[in-house]
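Chemist:
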Amino acid sequence: MVAVALHEGAHPRNVFTRRDLRGDTVLDCDVVVVGSGAGGAPVAAELAEAGFDVVVLEEGPYYTTRDFTANTSAMIRQMYRGGGATMALGSPPLLFQEGRAVGGSTVINGGMSWRTPDEILARWRREAGLDTSPESLDPYFTRVEKRIHVAPMDESAIGNDNWLLKKGADAKGWKIVGNLRNQVHCVGSNRCAFGCPTGAKQSALVSYLPRALHFGARVYADVKVERVAFHGKRATGVIGRSAGGHHVVVRAKLVVAACGAIHTPALLARSGVRSRSGQLGKNLSLHPNVKVVAIFDEAVTSWKGAHQAFQVREFAEQGLGCFAAVNMPPSILAMSFPQRGAQLGELMAQYDKMVLAGLLCEDSTSGSVRTIHGVPQAFYQLAPKDLAQMQRGLVLLSELLFAAGAKRVLLPFHRARELHDADDARRVLAEPIPAKEWEVVTVHMMGTARMGRDRSRSVVDEHGFVHDADRLMVADASLFPTPIGVNPMETIMALATRAAGHVIDNARRFLS
Amino acid sequence: MNAGSRAVLRSLVPVICPPDAVPYGEAIVEHVGLSLAATPVLVQRGFVAGLAAYDLGALPRYLRRARALTGERAERYYASWEHGVTPLHVQFARGVKQLMNLACYEQPEMMAAVGYRVGPWIEEVRAKRLRVFADDIAKQERQIIAPDPLRPRAKQEVA
């Protein structure tokens, strides 16, 4: 079985890598999908099952579960774009992470699987004229949840850090929910962000892509697509280059761009696509998130147990999407500390007593992606309102951690600041913290090819078809008209599934 | 990374990393090189240029390059960048520190020293999962490739 082969490290039929592309290559197919993550993989699987000839191109390499080891920095170098050193320019610069491997960012995400909140869908109906009622999307969410096995965590896999988060939330009387994740008996190796080494996380690599391959799709890894080819306004395929330097040309009846909210607008811009709306590359939202480190008296051993088993949702409707416990290996944690030398050593000696907790902010502003000499660069300036919101979130999160028994809380600022009790949190965080002091990161990039019915205000229609082109479709988080306040993977997959259905229903129009 | 960059980084190990990491200085520098090689070309060039500027910047004050500074003088010089004259100094000092701290705590001895023994843990839970949940795992693998068309009778009907 293909699925087993992916887990066990065999090289499945129909997966081609740089070793297989030994010269210039020309391929013919019905549909070429650029990108193999949360958007590309479902489209590929659905269309392949419907009988279409599908080729998936992925810039990153192909790994199997067996390749995911305990070597954190090697995993980052191999699977993160730019070795994890990608950032949106602004003050402060905002680090963001993207997967660059077969399976895309689903291979390195935390596996949180949430439907789009009803109020966001209502906003999309209201502001973008989209048919996004919960009822109309329900069949697609249900299908996605079955395919990637969305389920609550087994209680035995929940680690001490998450129980402490729950203890704090319960003490405060705040709403806390068990996380839904795409996993089959996650056993808490807590390595989600570096490729699940047990195969429990049902990333696209071990779910949708094996399905696509089973139904005849072909996956080409190590191929960077340079541009979409056009005949007039009609997309006719893509032109790219393999990691070995060979040209790869794919001729197709339909082109699907699913490279994520940073690279999809760049691919379209490089290909000469101009949106009359002026919105291509605009409207970038990022769900900025910040983290604190709480130190307890007793050993917590946070690295044993599932990543983000709970989410505190008490303040979700106030723009603070969730609070969660998110363990990181010591090397990543040490990177974020302002301390150095002996001070760093003293702090890190308490690693086993630390709980890393983060909060996600639903941003009220937006940035942009500009394509400079063919390369995308993100720009994003945190809004004062969002900084104030995050500062409020830090007070609340610190209160929760102290309620759980924390003795110290370290704040996410470049100059070391630490708190010793909840009053301290309220006092220290009462004063505005200058933007440049913040250390903010994200993994949720959205909105740079927003969908909508009105061509003058959007880049693509509600199925992802580019308004100002023919047979060119977008299937990733670029589509989102607004940030969604929850982890975006399931929304991307559901919209991609719906779009695949639209293509199947209109096959004569798109694929003849 | 060139030899000059490596020499500067080597001299920074006692300044940035905890004292018990100093014996692993060469491995830390090696690791910084690997991390840097994975970053965008512009970042690599900027970093190498920054190291050269850092190295030469010590000359006016100490009459020797940064790579030759030790002890208190190395500490003071790095601190002058850390709290620097320009945002560029601050950003560079921060970047170096982040890369070196990452490299430092990727050393097996340093991970063990803070109690992080994730390799054996992964092996333990992986084996447990396969042993305890084999039936459910197989069921999901069957589900992944079981026919379940999105549209009924959605066969390719176009030429």
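Line by line, the protein sequences are chains W and D.
Be aware that the first sequence starts at 1, since it is given in the numbering used here, and climbs by one per residue.
Be aware that the second sequence starts at 1001, since it is given in the numbering used here, and climbs by one per residue.
The C-beta atom is built at its ideal place from N, Cα and C for all residues, glycine as well.
The structure presented is a predicted model; accordingly, all values stated were derived computationally and were not measured.
1. Whole angstroms are fine: how far does the CA of W:Val-187 sit from the CA of W:Pro-117?
2. Since W:Asp-583 contacts W:Arg-276 with CB under 8 angstroms, what's their CB separation in whole angstroms?
3. Give, in chain order, every unbroken run of the beta strand (DSSP E) that is at least 3 residues long and sits entirely within the stretch 158-236 of chain W.
4. Listing by chain order, which chain D residues have their CB less than 9 angstroms from the CB of W:Thr-497?
5. Give me, in chain order, the residues of the same chain whose beta-carbon lies closer than 8 angstroms to that of D:Arg-1107; leave out the 5 immediate sequence neighbours on both sides.
6. Between W:Gly-199, W:His-149, W:Gln-339, which lies nearest to W:Thr-69 when the distance is taken from Cα to Cα?
7. Identify each residue in the stretch 207-221 of chain W for which the Cβ-Cβ distance to at least one residue of chain D is less than 7 angstroms, and report them in chain order.
8. Taking DSSP's pairing of strands, which residues face W:Arg-408 in a bridge?
9. Which class does W:Glu-317 belong to by DSSP, given the choice of helix, strand or coil?
10. So, do the stretch 354-374 of chain W and the stretch 289-306 of chain W have three or more beta carbon pairs nearer to each other than 8 angstroms?
11. Compare the C-beta of D:Val-1043 against all C-beta atoms of chain W and say whether one is closer than 8 angstroms.
12. Go through its chain and collect everything with a Cβ distance to W:Gly-83's Cβ below 8 angstroms, but skip five positions before and after it.
13. Is D:Asn-1101 helix, strand or coil when you go by DSSP?
14. Under 9 angstroms Cβ-Cβ, which residues of chain W neighbour D:Asp-1020?
15. Excluding the five sequence neighbours on either side, which residues of its own chain have a C-beta within less than 7 angstroms of the C-beta of D:Gly-1115, listed in chain order?
16. Checking 8 angstroms against the spacing of the C-beta atoms, do W:Val-228 and W:Val-26 come in under that value?
17. Relative to the C-alpha of W:Gly-452, which residue among W:Ser-336, W:Ala-266, W:Phe-465, W:Gly-129 is closest?
18. Just by C-beta distance, which residues in the stretch 1098-1120 of chain D are closer than 7 angstroms to chain W?
19. Establish whether the CB of W:Ala-5 and some CB of chain D are separated by less than 8 angstroms.
20. Spatial neighbours of W:Ala-3 within its chain, please: C-beta separation below 7 angstroms, excluding the five flanking residues on both sides.
21. The alpha helix (DSSP H) spanning W:Leu-347 covers which residue range?
22. Just to check my reading of the structure: W:Thr-264 and W:Asp-476 have Cβ atoms closer than 8 angstroms, yes? What is that Cβ distance to the nearest angstrom?
23. Name, going along the chain, the residues of the stretch 289-322 of chain W whose beta-carbon falls closer than 9 angstroms to a beta-carbon of chain D.
24. Given 8 angstroms as the limit, is there contact between the stretch 421-431 of chain W and the stretch 440-458 of chain W, that is, 3 or more CB pairs closer than that?
25. How should W:His-444 be labelled, buried or exposed, when 16 other C-beta atoms within 10 angstroms of its C-beta is the threshold for buried?
26. Could you check how far apart the C-beta atoms of D:Leu-1150 and W:Ala-50 are, in whole angstroms? I think they sit under 8 angstroms.
27. Of all Cβ atoms in chain W, is any one closer than 8 angstroms to the Cβ of D:Ser-1080?
28. Assign W:Ala-422 to one of three DSSP states: helix, strand, or coil.
29. Report, in whole angstroms, the separation of the C-beta atoms of W:Val-15 and W:Ala-499, which I expect to be a contact under 8 angstroms.
30. Name the residues in the stretch 1051-1073 of chain D whose C-beta lies less than 8 angstroms from a C-beta of chain W; which are they?
31. Rounded to whole angstroms, what is the Cα-Cα separation between W:Trp-174 and W:Val-459?
32. Buried or exposed, going by whether 16 or more other CB atoms sit within 10 Å of the CB of W:Ile-372?
33. Just list the residues that DSSP pairs W:Met-473 with in beta bridges.
34. For D:Val-1096, name the three-state secondary structure that DSSP assigns.
35. Given a cut-off of 8 angstroms, decide if W:Ser-189 and D:Val-1125 are closer than it, judged by their beta-carbon atoms.
36. Using a threshold of 8 angstroms, state whether the C-beta atoms of W:His-185 and D:Asp-1136 are closer than that.
Modeler: The answer reads as follows:
1. If I take the Cα positions, the gap works out to 28 angstroms.
2. Nothing can be reported for residue 583 of chain W, as the shown portion of chain W is limited to 1 through 512.
3. Within the stretch 158-236 of chain W, the complete beta strand (DSSP E) runs of at least 3 residues are 176-178, 180-182, 218-220, 223-231.
4. Those within 9 angstroms of W:Thr-497 in chain D are Leu-1150.
5. In the sequence as presented, Arg is not what sits at residue 1107 of chain D; that position holds Gln. Within the same chain, D:Gln-1107 has close Cβ partners Ala-1021, Tyr-1024, Ala-1027, Ile-1028, His-1031.
6. If you compare the alpha carbons of W:Gly-199, W:His-149, W:Gln-339 with that of W:Thr-69, the shortest gap goes to W:Gly-199.
7. Identification of residues in the stretch 207-221 of chain W having a C-beta nearer than 7 angstroms to some C-beta of chain D yields Ser-207, Pro-210, Arg-211, His-214, given in sequence order.
8. Within the DSSP bridge table, the entry for W:Arg-408 names W:Ile-295 as partners.
9. The answer is helix: DSSP assigns W:Glu-317 an H, G or I state.
10. Judged by pairs of C-beta atoms under 8 angstroms, the stretch 354-374 of chain W touches the stretch 289-306 of chain W, as three or more such pairs exist.
11. Yes, D:Val-1043 counts as interfacial toward chain W.
12. Ile-76, Arg-77, listed in sequence order.
13. In the displayed model, D:Asn-1101 falls within a helix according to three-state DSSP.
14. Within 9 angstroms Cβ-Cβ: Gly-345.
15. Same-chain partners within the cutoff: there are none.
16. Taking 8 angstroms as the Cβ cut-off, W:Val-228 and W:Val-26 do not qualify as a contacting pair.
17. For the options W:Ser-336, W:Ala-266, W:Phe-465, W:Gly-129, the alpha carbon positioned closest to that of W:Gly-452 is the one of W:Gly-129.
18. If the cut-off is 7 angstroms between Cβ atoms, the stretch 1098-1120 of chain D has Gln-1098, Asn-1101, Leu-1102, Cys-1104, Tyr-1105, Glu-1106, Met-1111, Val-1114, Gly-1115, Tyr-1116, Val-1118, Gly-1119 near chain W.
19. Any reading at W:Ala-5 must be qualified, since the residue scores a pLDDT of 43, below 50, and its modelled position is unreliable; the value itself is stated next. No, its Cβ sits nowhere closer than 8 angstroms to a Cβ of chain D.
20. With a pLDDT of 45 at W:Ala-3, under the threshold of 50, the modelled position of this residue cannot be trusted, and the question is left open.
21. 341-348 is the span of the alpha helix (DSSP H), which, as asked, contains W:Leu-347.
22. 6 angstroms between Cβ atoms; contact.
23. The residues in question are Ala-299, Thr-301, Trp-303, Lys-304.
24. Note that the stretch 421-431 of chain W does not touch the stretch 440-458 of chain W; fewer than 3 beta-carbon pairs, one per stretch, sit closer than 8 angstroms.
25. W:His-444 comes out buried.
26. About 7 angstroms; that satisfies the 8 angstroms criterion.
27. No, its Cβ sits nowhere closer than 8 angstroms to a Cβ of chain W.
28. In this structure, DSSP gives W:Ala-422 a helical state, which the three-state scheme calls helix.
29. Between W:Ala-499 and W:Val-15 the Cβ distance is about 24 angstroms, and since that is not below 8 angstroms, they are no contact.
30. Along the stretch 1051-1073 of chain D, none of the residues has a CB nearer than 8 angstroms to a CB of chain W.
31. Across the structure, W:Trp-174 and W:Val-459 are spaced so that their CA atoms are roughly 40 angstroms apart.
32. Here W:Ile-372 is exposed: its Cβ has fewer than 16 other Cβ atoms, across all protein chains shown, within 10 Å.
33. DSSP output for W:Met-473 lists W:Val-256, W:Phe-465 as bridge partner(s).
34. D:Val-1096 carries a helical assignment under DSSP once its states are collapsed to helix, strand and coil.
35. Cβ distance < 8 angstroms, so D:Val-1125 and W:Ser-189 count as in contact.
36. Between W:His-185 and D:Asp-1136, the gap from beta carbon to beta carbon is short of 8 angstroms.
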